[in-house]
Structure formats: structure tokens, C-alpha cells
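In our numbering, each residue carries its 1-based index in the sequence shown increased by 1.
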Amino acid sequence: MVGVFAIGLVVAFLTDETTGLKPGGYIVPGYLAISFYEPARLAATLLTVLGVILILTAANKVMLLYGNRRFAFALLTGCVLKLALATTLPLLGFAPVGLLIIGFVIPGLTGHACYRQGTLKTLASVALATSTTKLIAMAVIG
2 MVGVFAIGLV VAFLTDETTG LKPGGYIVPG YLAISFYEPA RLAATLLTVL
52 GVILILTAAN KVMLLYGNRR FAFALLTGCV LKLALATTLP LLGFAPVGLL
102 IIGFVIPGLT GHACYRQGTL KTLASVALAT STTKLIAMAV IG
């Protein structure tokens, strides 16, 4: 598992250097590659990322968010959304979606990158880096 994270870091760095696009954050491709064959987890994480983007966009209209403030707000929003889904949905009879969401910081990192670079560019970059990470990990690690 540590090998997948290391490969993900290198792939994310190279993606950033060659395309100029950050794939969420440097740790995102490794985390997503580990859950590559779990589409429910990937979908739950993507929906949380979209929630972070919507909240960040709305909050930016009424608050002064820039630089580290915006970054911290995005990370905190991702954490709060995960916790809210993990506690609320089981009470409504749904599966614990919060357990499906990958990590606490992944939605915030990716949402912040989407806000800065554009959603489609960032998600394309995330898909490219995650797929590349998974392919290299399968070839090298097995």
C-alpha cells in the first residue's frame, strides 16, 4: 500500500509538471488508485467533491476566501460533509455512505483544485493520474 502512495506521488508530480494541472493534491491519485475497483467509493467521493465545490463557490460570494483561508475552508468542508453523511444517512435508513467516501481530506483537496483550475480540467487530471498510478502499481507491485 505504501508503494501505491509513492507511485501516486510521483505520478501526480509528473502530471503537474507536464500538464500544469494538479490532480487534486499529490496524495489523491494514490488514495483513489487503492480504491480503483470500488466504484461506489469513487462515486461517493466524487459527489462529496462536487458538494465541496458548490459550498466553496457559494461561501466565496459572502465571505472573503482566498489563499490559505480558501484551502482550509475546502478541507474543513470536505471533512464536515463526510461526517454529516456518515451520521445522517444511516438514521434515514441508507447505507453508511460516510464510510464509502475515501479519506477525510481527499474531497477537500480535490474540491479546492477544481475551484482553482476548473472542474473538468481537474477531474480529467485526477482520472489520468489515478489510472496511471493503478497501471504502474499493477505492473510493479502486482
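Backbone N, C-alpha and C fix where the C-beta goes; we use that ideal spot for every residue, glycine too.
Keep in mind that this is a model prediction, so the values were computed, not measured.
N- and C-terminal bounds of the alpha helix (DSSP H) containing residue i
i          : result
serine 126 : 120-141
glycine 4  : 3-20
proline 30 : 29-35
Cβ-based burial, residue i [other Cβ within 10 Å; buried from 16]
i              : result
threonine 46   : buried
alanine 75     : buried
lysine 23      : buried
leucine 92     : exposed
leucine 65     : exposed
lysine 62      : exposed
threonine 49   : buried
valine 53      : buried
alanine 41     : exposed
tyrosine 38    : exposed
isoleucine 142 : exposed
leucine 15     : exposed
glycine 94     : exposed
Supposed contact pair residue j and residue i - C-beta distance, whole angstroms, cut 8 Å
i              : j           : result
proline 108    : leucine 124 : Not really, about 13 Å apart at Cβ, beyond 8 Å.
alanine 138    : glycine 4   : 7 Å
isoleucine 103 : leucine 86  : About 13 Å; that fails the 8 Å criterion.
Jot down the residue ranges of each uninterrupted alpha helix (DSSP H) in the region 43-110, minimum 4 residues, whole runs only, in chain order. 68-89 and 98-101
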